[in-house]
Structure formats: C-alpha cells, structure tokens
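Residue numbers (UniProt numbering): 1 to 639. Glycine residues also receive a C-beta, built at the ideal position from the N, C-alpha and C atoms.
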C-alpha cells in the first residue's frame with residue numbers, strides 16, 4: 001500500500017457519512033480518476049472490499065481498513081522496472097478496461113512524466129511483434145491494434161506471471177492440513193508402487209490438489225448429489241486400482257464417499273495419471289450433467305476470447321468441471337470451502353486471480369448462485385496449475401498416436417512413448433482410425449498404419465511392438481524436428497528480427513571489435529539498443545569467442561536491447577575473429593521479452609551454417625533479399 005493510499009484510508013476513517021470522489025480529490029489535491037484508481041486498488045488488497053460505494057459517495061468498512069493499516073508496508077508492490085511498468089500499463093488497459101491518464105499514472109507510480117513517455121517509446125519497440133501501438137492521445141495512454149493481437153499480448157503477460165512451479169508441496173501445505181497431505185501422499189505412493197505405475201511430480205501434485213479439495217468438501221458435509229447410475233470410466237484393471245485407493249482413503253480419513261464422489265476420483269485419476277487420452281468427454285457430461293458441461297465449455301470459450309488463453313484441454317476440463325459441480329452443490333447448500341491461500345494468490349498472481357474472478361462472475365450469473373472469494377481462489381489454483389502445465393509443454397512436440405485398439409497395443413505403445421520421450425512429446429490423443437485426426441491440431445503423427453502422404457504434419461511410422469531400434473530411430477527423428485522447429489522461429493519472425501537497415505555486405509573493416517562497433521553504432525542510432533550495449537557485447541566476446549567455423553554470433557548476456565533485432569554482416573574475404581576467420585557476423589540484440597527464445601534462436605542461427613557448402617553460399621550473398629532467400633531454403637518446414 002502506497003503512502004497516498006494510506007492517507008486516503010485515514011481520511012475516510014475520519015468521515016461519519018459517505019463522501020464523494022470530488023470532495024476526496026479536493027482534500028488530497030489529487031485528480032478524481034486517481035482517487036477512483038486508489039479505491040479500486042485498496043479493495044483488492046484485503047480479503048474483502050475495504051471501501052463501499054453508493055449514490056451518496058464512498059464509505060470505509062472500519063474493521064477492514066484497520067486491518068490494512070496494521071499490515072507492514074510493502075513498497076515493492078509498485079512496479080519498479082521498465083518491464084514491470086509496461087506489464088502494469090497493459091494489464092490496466094486491456095484486462096481491467098481502465099482509462100489511463102499519464103499524469104495520474106506518473107503520480108501513482110512515483111515516476112516522472114518523461115520516464116513514462118520513454119517507457120511508451122520503448123514499449124512500441126519491445127512489443128512490436130504483437131503488432132500493437134502504444135500512443136498518447138490528450139494525455140490518455142491507449143493501445144491501438146486488432147483485438148486478436150491484443151489478446152496475444154495479454155496471453156504473453158499472463159504466462160510470464162505463472163512460474164514453472166505454480167503448485168508444489170509447499171503450497172499444498174500452506175493450504176491444507178499437513179497430516180492430511182502426508183496420509184494421502186502415502187496412499188497414492190503405495191498404490192503406485194503396487195501397480196508398478198509412475199506419476200511425474202507435476203501430475204502427482206495436481207492429483208493431490210484435486211483430491212484434497214474433494215476431501216475438504218466431504219468433511220464439511222458438502223457431499224455431491226448422488227445419481228442412480230455409476231459408469232465405467234477406466235479399464236477394469238485400472239478401475240480396480242483406483243477403487244482400492246478409494247477404500248484406503250475412506251479408511252484412513254474415516255469417511256464414506258457416495259457413488260458420485262467415487263466416480264469423481266476415478267475421473268480425477270484419469271485426468272492426472274498417465275493413462276491413454278480418450279479424446280472423448282461424453283463420460284464427463286454423464287457425471288456432471290449437461291448443463292454444467294455446456295456452461296463450462298461456454299465460459300472457457302469466453303476466457304479464450306477475452307484473455308487469449310486456451311483452457312479447453314481435457315486435462316483441464318475434466319477436473320475443472322468436476323470442481324464446478326462440487327462448487328454448485330456447495331452453493332445450493334449455502335456453504336463454501338475456506339482457502340487459506342486467498343490473500344497470497346491475489347497478491348502474487350493477480351492476473352491468474354483476475355481470470356478466476358471473471359469465471360466466477362459468469363458461473364454465478366449462469367447458475368444464479370453466489371461464489372465466495374475463497375471458492376474463487378480454488379478456481380485460481382486450477383487455472384494456475386493448468387497454465388503451469390502449458391508452460392512446461394510449450395517446447396514439446398504436439399503429437400497424435402494412430403494405433404488400432406487390439407490387445408491393448410495402443411495403450412502399451414502410448415506408455416512406452418511417454419516413458420522414453422515424455423520430455424519431447426505431448427501426446428494429445430490416441431486414435432484408431434486416420435479419419436479421426438481431421439479436426440485435430442498437431443505437428444507430428446506417430447502411426448502403426450500406412451497413411452496418405454501429407455504436408456500438413458510430419459509422419460513417423462513405427463511398429464506396434466516398440467523395440468530399441470525404433471527408440472534410436474525416434475531419437476534421431478525427434479532431434480531433427482526440434483532443430484527444424486528452432487529454425488522456423490527465424491522464418492516465422494523474419495520481418496520482426498531482420499531488417500535491411502541492419503544488413504551489410506560492405507564492411508569498412510576486417511577486425512572483430514571494429515565490426516562489432518560498426519554494427520552497434522547503427523543499432524544505437526536507430527534506438528534499438530542502449531549506449532552500453534556495445535560494451536556488454538565486447539565483454540561477452542572477450543570472455544569467450546562466439547565464433548563457430550565461419551560464423552560469429554556476438555551478443556550481450558543482459559538481454560538489454562529495446563527490441564529484438566539480428567544485425568547481419570557478410571564478408572566474402574573474411575573477418576579476423578580471434579584465431580578464426582569468419583564470413584558471417586550475426587549480432588543478436590535480444591529484448592528481455594524474447595529471452596525464453598534466445599537459446600532456440602542461437603542454436604538455429606548456428607545450425608543454418610553447419611556445412612562447408614553453406615559457408616560457400618552465404619559468403620557470396622550481397623543483398624538483403626538474397627539473404628532472405630537463403631534463410632528460406634535452409635528451413636524445411638514452417639511450424
């Protein structure tokens with residue numbers, strides 16, 4: 001909480017009756033808009049709103065205000081860096097739909113007008129690949145661009161907020177009883193050992209989360225409304241495994257689960273364990289009912305349209321729909337689950353929590369129920385967990401397995417592929433007929449059957465009986481696909497990363513430091529890099545040469561460019577680069593926003609020039625168009 005927000009709270013505490021925003025603005029010497037922004041921010045700080053509004057004006061809830069004022073000050077909540085301020089501006093405008101006056105923002109963030117003007121200029125370079133413009137019209141900051149591009153930008157920011165470990169054992173222990181966690185963990189581990197089955201860390205924690213929420217609900221006498229039937233969700237042997245686990249849970253926790261709750265555990269297990277994906281959600285509709293199933297699908301489509309993130313995977317829809325079913329039952333019984341993580345989720349993951357609020361509001365309207373902040377926090381846990389999973393899978397190859405369902409060959413092959421290539425492939429579904437893949441979006445088809453030739457995706461044919469020879473063959477094929485993928489980043493972003501202004505085949509020098517100086521001068525003149533960029537590049541180069549055969553890729557380790565640009569210099573006679581002579585210099589100026597892509601860009605650049613034939617071709621290139629054609633010919637396919 002900032003000092004002026006604190007002063008606003010204290011001023012409101014002095015009032016016995018509601019007071020207008022205009023009067024507050026006059027007394028604090030601030031604009032009305034700033035007062036309203038402060039009130040909005042203050043209401044998000046606590047477990048519940050601290051200031052209420054009515055036609056008569058604003059009034060403080062004394063108990064909540066006193067709690068906030070008792071909290072230790074935390075100035076780090078204010079965005080401090082360019083990146084933090086840029087995220088703050090984008091979130092305010094695109095996610096919160098607020099009008100942003102630059103003078104009010106300057107006052108709110110304690111930075112100068114000129115700093116914000118400079119930030120906007122840098123944002124236009126840093127976020128250029130999203131095809132949006134940050135402009136100032138009558139002192140109001142606006143984002144100009146197509147809606148789909150704005151959603152892409154929001155999606156990027158949301159994923160940046162989610163860490164690689166959104167949910168881990170520590171977070172579970174902060175939310176649920178430690179003894180419960182130990183008991184449940186022991187049951188799952190013993191079942192896994194007995195069945196010789198493996199859960200990775202992410203799946204294990206996810207399974208724990210969903211089971212703990214279910215147990216918490218049942219313990220509070222919020223049982224799911226049972227139906228008269230019980231469908232078979234898993235194959236018989238695995239259904240027995242889960243049934244045994246359910247029996248142990250009932251014994252250890254001294255409770256009785258009804259049929260629907262048992263069915264829910266079967267489905268939660270299927271969604272989180274490494275079982276063959278079904279590509280069929282009809283069973284889910286039978287469990288939760290058509291109304292909940294369709295509503296969840298509709299609100300998740302709203303999220304995709306609004307925030308640009310896709311939560312429509314089976315791994316998310318199954319446990320989330322089950323959670324909504326339980327939430328609906330609790331709301332009808334006028335009870336809700338408490339969530340000890342509410343405040344930390346709001347504070348540490350505000351954008352994830354905003355999406356949860358968005359979902360809660362739509363579900364509330366659709367079902368005519370009240371969803372508490374605690375329940376909203378559980379929705380945030382589901383969303384954060386899914387986004388973490390998506391972030392982990394970003395680098396994996398989206399794959400479909402085509403294999404007949406004969407003597408469980410499909411399941412055996414699926415499990416073998418997951419065991420050996422789980423870090424490389426994300427097998428989205430398993431189908432038994434080629435016609436079933438028509439509506440699917442994927443990159444690689446692994447098939448045991450002959451299929452028609454296609455350029456829509458890569459096809460690798462394997463035998464249903466997986467052996468060492470096939471494993472080695474797949475290692476090679478997947479390696480090639482990964483490298484092609486990295487190269488395709490260059491083709492896909494060619495217009496963003498390369499520019500004729502930053503291409504030369506007419507160098508005035510043949511010495512490495514002087515070439516770096518020449519290229520950096522052009523980049524600095526065009527405001528692509530800060531003045532210290534040249535020093536940082538030379539520091540890195542002198543520490544260890546970036547020359548590989550006939551190519552050098554000098555760069556700064558600080559990702560300090562205002563915009564990602566790859567400057568190109570080609571010399572037919574060659575450039576002295578330490579003990580080597582290179583013919584191509586690719587000076588990589590990388591913006592922090594692209595830092596996750598840097599390794600891929602770096603490896604792709606090296607791989608483009610990985611043969612003597614490539615060196616002979618590239619060193620003769622004289623024009624930017626010829627360079628573009630060379631890049632195109634070296635990349636097999638576009639991903």
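Quick one: what does DSSP say residue i is sitting in, helix, strand or coil?
{"i": "residue 572", "result": "strand"}
{"i": "residue 581", "result": "strand"}
{"i": "residue 62", "result": "helix"}
{"i": "residue 289", "result": "coil"}
{"i": "residue 620", "result": "coil"}
{"i": "residue 13", "result": "helix"}
{"i": "residue 458", "result": "strand"}
{"i": "residue 279", "result": "Note on residue 279: pLDDT 48, under 50, position unreliable in the model; the coordinate value appears next. Coil."}
{"i": "residue 419", "result": "helix"}
{"i": "residue 642", "result": "Examination of residue 642 is not possible in this model, given that the chain is present from 1 through 639 alone."}
{"i": "residue 384", "result": "helix"}
{"i": "residue 315", "result": "helix"}
{"i": "residue 508", "result": "coil"}
{"i": "residue 74", "result": "Low confidence applies to residue 74: its pLDDT is 46, below 50, so where it sits in the model is not reliable enough to give any reading."}
{"i": "residue 31", "result": "coil"}
{"i": "residue 43", "result": "helix"}
Output yes or no for whether 7 Å exceeds the beta carbon distance between residue i and residue j.
{"i": "residue 430", "j": "residue 383", "result": "no"}
{"i": "residue 427", "j": "residue 447", "result": "no"}
{"i": "residue 597", "j": "residue 554", "result": "no"}
{"i": "residue 486", "j": "residue 600", "result": "yes"}
{"i": "residue 336", "j": "residue 375", "result": "yes"}
{"i": "residue 367", "j": "residue 328", "result": "yes"}
{"i": "residue 569", "j": "residue 515", "result": "yes"}
{"i": "residue 264", "j": "residue 322", "result": "yes"}
{"i": "residue 648", "j": "residue 149", "result": "Residue 648 lies beyond the residue range present for the chain, which begins at 1 and ends at 639; the question has no answer from this structure."}
{"i": "residue 206", "j": "residue 325", "result": "no"}
{"i": "residue 523", "j": "residue 589", "result": "yes"}
{"i": "residue 13", "j": "residue 65", "result": "yes"}
{"i": "residue 416", "j": "residue 494", "result": "no"}
{"i": "residue 377", "j": "residue 408", "result": "no"}
{"i": "residue 457", "j": "residue 443", "result": "yes"}
{"i": "residue 93", "j": "residue 100", "result": "yes"}
{"i": "residue 360", "j": "residue 369", "result": "no"}
Apart from the five residues just before and just after residue i, which ones in its own chain have a Cβ nearer than 7 Å to its Cβ?
{"i": "residue 135", "result": "142, 144"}
{"i": "residue 396", "result": "424, 425, 426"}
{"i": "residue 622", "result": "505"}
{"i": "residue 7", "result": "28"}
{"i": "residue 82", "result": "119, 122"}
{"i": "residue 620", "result": "572"}
Excluding the 5 residues flanking residue i on each side, which residues of the same chain have their C-beta closer than 6 Å to its C-beta?
{"i": "residue 380", "result": "345, 352, 353, 356"}
{"i": "residue 4", "result": "none"}
{"i": "residue 151", "result": "308"}
Could you check if residue i is buried or exposed, using at least 16 other CB atoms within 10 Å of its CB as the buried criterion?
{"i": "residue 520", "result": "buried"}
{"i": "residue 542", "result": "exposed"}
{"i": "residue 172", "result": "buried"}
{"i": "residue 117", "result": "exposed"}
{"i": "residue 584", "result": "buried"}
{"i": "residue 563", "result": "buried"}
{"i": "residue 419", "result": "exposed"}
{"i": "residue 330", "result": "buried"}
{"i": "residue 40", "result": "exposed"}
{"i": "residue 201", "result": "exposed"}
{"i": "residue 451", "result": "exposed"}
{"i": "residue 261", "result": "buried"}
{"i": "residue 189", "result": "exposed"}
Could you spell out where the beta strand (DSSP E) holding residue i opens and where it closes?
{"i": "residue 429", "result": "425 to 431"}
{"i": "residue 338", "result": "Neither: residue 338 is in no beta strand (DSSP E) and is coded neither H nor E."}
{"i": "residue 144", "result": "140 to 144"}
{"i": "residue 137", "result": "133 to 137"}
{"i": "residue 154", "result": "Looking at the DSSP string, residue 154 is not in any beta strand (DSSP E); the run it does join, the alpha helix (DSSP H), is 147 to 161."}
{"i": "residue 51", "result": "51 to 54"}
Counting along the chain, where does the alpha helix (DSSP H) carrying residue i start and finish?
{"i": "residue 24", "result": "21 to 28"}
{"i": "residue 640", "result": "Nothing about residue 640 can be reported from this structure: the residues present for the chain run from 1 to 639 only."}
{"i": "residue 171", "result": "169 to 175"}
{"i": "residue 2", "result": "Unbroken run through residue 2: none, as it is neither H nor E."}
{"i": "residue 533", "result": "533 to 543"}
{"i": "residue 445", "result": "Premise fails: residue 445 lies in the beta strand (DSSP E), 444 to 447, not in any alpha helix (DSSP H)."}
{"i": "residue 396", "result": "Careful: residue 396 lies outside any alpha helix (DSSP H) and carries neither H nor E."}
{"i": "residue 115", "result": "113 to 126"}
{"i": "residue 488", "result": "468 to 492"}
Near residue i, what residues of its chain come up, given a Cβ to Cβ distance below 8 Å and the 5 sequence neighbours on each side ignored?
{"i": "residue 103", "result": "31, 113, 139"}
{"i": "residue 537", "result": "516, 520, 554, 555, 556, 587"}
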